[in-house]
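Peer 1:
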Amino acid sequence: MRLVLPEGRVRADPAERTPGFPVLAGRRIAVLDNGKPNARLLMTTVAERLAERTSAEFTLVVAKGTAATPAEPEILQQLGAADLVVTGSAD
Amino acid sequence: MSTPDPPGTTDHPGAPTASPGDPAELVEIADDTGVEAFTAVCAERGWGDGLPLVPPTEARVRAMLDGYTGDPDAVVGVLAPRDGEATARTIAANAVMAGCPPDVLPVLVAAIGALARPEVNLRGVQATTHPVAPLLIVHGDPVARHGFNAGLGTFGPGNRANATVGRAVRLVLMHTGGGRPGDGDASTQGQPAKYTYCIAENAPASPWPAYHRSRGIDAPGAVTVHCGENPHNFHDMESDEPERILAKAASVMTTLGTNNAPISQGEFFVVLCPEHAATIARAGWSRADVSGYLFQMARLPAGVFHDAFDSRAWAPWMHAVHDPGELLPMTGEPDNLRVLVAGGAGKHSCVVPSWGMTRSVTVAVDGEPVEGA
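These protein sequence lines are chains A and B, in that order. Quick note: the first sequence uses my numbering, first residue 1, plus one each step. Quick note: the second sequence uses my numbering, first residue 1001, plus one each step.
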């Protein structure tokens, strides 16, 4: 029996992912606060400890308007000054 | 009754085979159409909503597409978070699985196209911890043509079109959109409306013009998608005055548990039963009068909002009020109060609050015959 698959194709993603860094020493770490409760505290703590362990530099905390929508272009532009961004806290 | 053979597949679940000359992706499974066998195949592939499904065989999908006037392989919409491309053919496969009648495909295609619109914010709708589900509302000629129930029990069970078209929308969101619970759908508790959530506007019983025409859609048929909560009932079995009936609606709207409290720009769909609507219209009220009245009445003191929420995605006008006694509306403008008529005899109506960070969309249903043409 042949079935038509219900999923459909996945749209090809034109974006390329930046390769990871072999070492973080000297790199700049930022936090994108998504507005969820305690997100800033949690992610700032993670970024600070990551910087301590790797000799990276914790340089920037920015916040987007709401967790429910993507970051605004001006926020992404600010994050362009960092090499690594910590984000993604949920409820 | 004999027990069916154990299900099996002739290929790897993750390795569908393309059919020469047919752009849709196909898969070969063991030739066993029993409910138990196909249910097991679905479980293996992560398909479905947990209820038994109809196998989307080539023949059934072809029948579902029969009479569809568009390109069956044109992309209707890209559905987040999987970024899956929904075509009429993939939608038809899901419609077959859901048990839809074959001629209803144009309604589904319109609904999925609407859900893919950027203002819906489908990525958020699918991935949030909130129990949001898209409510599909069918308007105009398709209601009678396909046998949708716009009357008694429109939100409830017992009608094939309502049940299966709503279910097909969910299956498309799960399969093509990738919104499976725990994987793309992070809803903390979920809700029953995530199985199926489809009603029809009861235009013959409405004192006002059809909803889609009030939104500027000049077409014989249309659908609206509104990503919201479950229906919040209100009843009034005694009032002859619009104000007294709508006070109950305003009371339902002013709860701190809905996202409209911390998010100040969401819509409310106010679904009036015919008897409430008739009483309100008899007093000379228009649809806009209902929206305007509820905008004025559905308010809470600013201090109540401030005491309840530290984390607020409010519009600037909400932040600007510092007097704790000042009454603030539950949403930013009267047009966010969307009024239509559905249901049958009795005096129960409901409010469907929005998830908040989304907008409803109303679009015409294309590709169907025009009544009387």
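Just so you know, even glycine gets a beta-carbon here, dropped at the ideal spot from N, CA and C. Since this is a predicted model, take the numbers as computed values, not measurements.
Kindly indicate if chain B contains any beta-carbon less than 8 Å away from that of valine 44 (chain A).
Peer 2: The sequence given here places threonine at residue 44 (chain A); valine does not occur at that position. Not closer than 8 Å to any Cβ of chain B, the Cβ of threonine 44 (chain A) fails to qualify, so no.
Peer 1: Name the chain B residues that come within less than 8 Å of proline 6 (chain A), Cβ to Cβ?
Peer 2: Residues of chain B passing the Cβ test: Trp1047, Pro1056, Thr1090, Ala1093, Asn1094, Met1097, Leu1171, Val1172, His1175, Thr1176.
Peer 1: When we look at the beta-carbon of serine 55 (chain A) and count the other beta-carbons within 10 Å, is it buried (16 or more) or exposed?
Peer 2: Burial call: exposed.
Peer 1: Classify alanine 1283 (chain B) as buried or exposed, calling it buried when 16 or more other Cβ atoms lie within 10 Å of its own Cβ.
Peer 2: Alanine 1283 (chain B) is exposed by the Cβ-count criterion.
Peer 1: Going along chain B, which residues have a C-beta under 8 Å from valine 10 (chain A)?
Peer 2: Arg1082, Asp1083, Gly1084, Glu1085, listed in chain order.
Peer 1: Give a yes or no on contact between the stretch 1086-1099 of chain B and the stretch 1049-1061 of chain B, applying the rule of three or more CB pairs nearer than 8 Å.
Peer 2: The stretch 1086-1099 of chain B, when compared against the stretch 1049-1061 of chain B, does touch it at the 8 Å Cβ threshold.
Peer 1: Which residues of the stretch 27-39 of chain A have a Cβ closer than 8 Å to any Cβ of chain C? Give them in chain order.
Peer 2: Protein chains in the displayed structure are A and B, and chain C is not among them.
Peer 1: Expressed to the nearest angstrom, what Euclidean distance is found between the alpha-carbon atoms of asparagine 1159 (chain B) and leucine 1136 (chain B)?
Peer 2: Their Cα atoms are separated by approximately 15 Å.
Peer 1: With contact counted as at least three CB pairs below 8 Å, one residue from each stretch, are the stretch 1287-1298 of chain B and the stretch 1328-1338 of chain B in contact?
Peer 2: Output reads yes: the stretch 1328-1338 of chain B touches the stretch 1287-1298 of chain B.
Peer 1: Could you tell me whether the stretch 41-55 of chain A touches the stretch 1110-1122 of chain B, using the rule of 3 or more Cβ pairs below 8 Å?
Peer 2: With the cut-off at 8 Å, the stretch 41-55 of chain A and the stretch 1110-1122 of chain B do not touch.
Peer 1: For alanine 1176 (chain B), name the three-state secondary structure that DSSP assigns.
Peer 2: Sequence check: residue 1176 (chain B) is threonine here, not alanine. Coil, per DSSP.
Peer 1: CB-CB under 6 Å to alanine 1345 (chain B), same chain, minus the five flanking residues each way: which ones, in chain order?
Peer 2: Around alanine 1345 (chain B): no qualifying Cβ.
Peer 1: Assign cysteine 1273 (chain B) to one of three DSSP states: helix, strand, or coil.
Peer 2: Three-state result, cysteine 1273 (chain B): coil.
Peer 1: How many Å lie between serine 1019 (chain B) and valine 4 (chain A) at the Cα?
Peer 2: Confidence is the limiting factor: at serine 1019 (chain B) the pLDDT is only 44, short of 50, which leaves the residue's position unreliable and the question unanswerable from this model.
Peer 1: Along the stretch 1026-1044 of chain B, where does the CB come closer than 8 Å to a CB of chain A? Name the residues.
Peer 2: If the cut-off is 8 Å between Cβ atoms, the stretch 1026-1044 of chain B has Leu1026, Val1027, Glu1028, Ile1029, Ala1030, Asp1031, Asp1032, Thr1033 near chain A.
Peer 1: Listed in chain order, which residues of the stretch 1126-1143 of chain B have Cβ atoms closer than 7 Å to some Cβ of chain A?
Peer 2: Here the close residues are Thr1128, Thr1129.
Peer 1: Taking 8 Å as the threshold (beta carbon to beta carbon), is alanine 68 (chain A) in contact with chain B?
Peer 2: Yes, alanine 68 (chain A) counts as interfacial toward chain B.
Peer 1: Below 8 Å between beta carbons: does that hold for histidine 1276 (chain B) and histidine 1212 (chain B)?
Peer 2: The answer is no: Cβ separation not under 8 Å.
Peer 1: What residue range does the beta strand (DSSP E) around valine 1351 (chain B) cover?
Peer 2: It spans 1348-1353 - the beta strand (DSSP E) in which valine 1351 (chain B) sits, taken as one unbroken run.
Peer 1: Chain A partners of valine 1361 (chain B), CB-CB under 7 Å?
Peer 2: Simply none; closest approach about 16 Å.
Peer 1: Please list, in chain order, the chain B residues whose beta carbon lies closer than 8 Å to that of glycine 65 (chain A).
Peer 2: Those are Ala1313, listed as they occur along chain B.
Peer 1: Is there a Cβ from chain A that is less than 8 Å from the Cβ of proline 1004 (chain B)?
Peer 2: Residue placement at proline 1004 (chain B) cannot be trusted, given a pLDDT of 33 that sits under 50; the coordinates are not used to answer.
Peer 1: Could you pull out every unbroken beta strand (DSSP E) segment of at least 3 residues lying fully inside the stretch 1074-1140 of chain B, listed in chain order?
Peer 2: Within the stretch 1074-1140 of chain B, the complete beta strand (DSSP E) runs of at least 3 residues are 1075-1079, 1084-1087, 1133-1140.
Peer 1: Using the Cβ count rule (16 or more neighbours within 10 Å means buried), how would you classify aspartate 95 (chain A)?
Peer 2: Given that chain A is displayed from residue 1 to residue 91, the structure contains no residue 95 (chain A) and the question cannot be resolved.
Peer 1: What are the uninterrupted segments assigned as alpha helix (DSSP H) that are 4 or more residues long and contained completely in the stretch 23-89 of chain A, given in chain order?
Peer 2: Whole alpha helix (DSSP H) segments, 4+ residues: 39-54, 73-79.
Peer 1: For methionine 1330 (chain B), which residues in chain A fall below 7 Å Cβ to Cβ?
Peer 2: The premise fails here: methionine 1330 (chain B) is roughly 18 Å from chain A at the closest Cβ pair, so nothing lies under 7 Å.
Peer 1: According to DSSP, is valine 1321 (chain B) part of a helix, a strand, or is it coil?
Peer 2: Here valine 1321 (chain B) sits in coil by DSSP.
Peer 1: Report the option in A:Gly8, A:Pro19, A:Gly65 whose CA atom is closest to the CA atom of proline 1316 (chain B).
Peer 2: Of A:Gly8, A:Pro19, A:Gly65, the residue nearest in Cα terms is A:Gly65.
Peer 1: Within 10 angstroms of its Cβ, does proline 1023 (chain B) collect 16 or more other Cβ (buried), or is it exposed?
Peer 2: With a pLDDT of 45 at proline 1023 (chain B), under the threshold of 50, the modelled position of this residue cannot be trusted, and the question is left open.
Peer 1: Under 8 Å by Cβ, that's how I've got alanine 1313 (chain B) and proline 1262 (chain B) pegged, so tell me the actual separation to the nearest angstrom.
Peer 2: At roughly 6 Å, the Cβ-Cβ gap stays under 8 Å, so alanine 1313 (chain B) and proline 1262 (chain B) are in contact.
Peer 1: Where does glutamate 1028 (chain B) fall in DSSP's three states?
Peer 2: Strand at glutamate 1028 (chain B).
Peer 1: Let me see if you follow: with CB-CB separation under 8 Å, is proline 53 (chain A) close to chain B or not?
Peer 2: Note that residue 53 (chain A) corresponds to arginine in the displayed sequence, not to proline. No, no contact with chain B.
Peer 1: My output table needs one value for phenylalanine 1309 (chain B): the three-state DSSP class, helix, strand or coil.
Peer 2: Three-state result, phenylalanine 1309 (chain B): coil.
Peer 1: Can you have a look at proline 1242 (chain B) and say buried or exposed, based on whether 16 or more other CB atoms are within 10 angstroms of its CB?
Peer 2: With 16 or more other Cβ atoms within 10 Å, it is buried.
Peer 1: Is there contact here, the stretch 1177-1188 of chain B with the stretch 1121-1129 of chain B, by at least three beta-carbon pairs under 8 Å?
Peer 2: Verdict: yes, contact present.
Peer 1: Can you have a look at glutamate 18 (chain A) and say buried or exposed, based on whether 16 or more other CB atoms are within 10 angstroms of its CB?
Peer 2: This sequence places threonine at residue 18 (chain A); glutamate is not what is there. Exposed, by the Cβ-count rule.
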